[in-house]
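Structure, as structure tokens:
Numbering (this note's numbering), first residue to last: 85 to 208.
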């Protein structure tokens, strides 16, 4: 292997990372029950992304949150295909609330009020 090759460079970078302290990110295989605050339920906000744990952790863009009689609980409506082109670019998918998990540092979260159907951003 040549010393200046891309492979040698990549291996050098990997070797350098081996000495760093690992960062542990907990993304469970099964989601925790929906977090609630009184009567509010924590959700990923419309316009934000989550990971669909029932579909190879594919990114899912949330368009709305609503009560689904089919799931007997909250559900997300959105698209698994951000940037998709072709015949399926406008296909919408419905996911049960526990099928979608937050992407640490990227997903915007808030609260769903089952009484009013309103979604509000989480206040820090």
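Don't be surprised by glycine CBs; every beta carbon is placed ideally from N, CA and C.
For the set 88, 158, 174, 177, the Cα lying nearest the Cα of residue 199 is the one of 158.
The shortest CA-to-CA distance from residue 174 to any of 205, 139, 161, 127 is the one to 161.
The beta carbon of residue 144 is closer than 8 Å to those of 133, 134, 135, 136, 160, 162, 163, 164, 177, 179, 184 in its chain, skipping five residues each way along the sequence. Looking at the DSSP output, residue 196 bridges to 125, 203. In the structure shown, the three-state DSSP call for residue 183 is helix. Spatial neighbours of residue 192 in its own chain (CB-CB distance under 6 Å, excluding positions within 5 residues in sequence) are listed in chain order as 129, 132. According to the DSSP assignment, residue 164 belongs to no beta strand (DSSP E), since it is labelled neither H nor E. By alpha-carbon distance to residue 141, the top candidate from 127, 103, 186, 150 is 186. Distances from the CA of residue 182 to each of 126, 100, 99, 93 were compared; the closest alpha carbon is that of 126. Of all alpha-carbon atoms in 190, 151, 94, the one lying nearest the alpha-carbon of residue 197 is that of 151. Distance from the CA of residue 147 to the CA of residue 123, rounded to the nearest whole angstrom, comes to 22 Å. Taking C-beta atoms under 8 Å as the contact rule, residue 204 and residue 194 qualify, at a distance of about 5 Å. Secondary structure of residue 96 (DSSP, three-state): helix.
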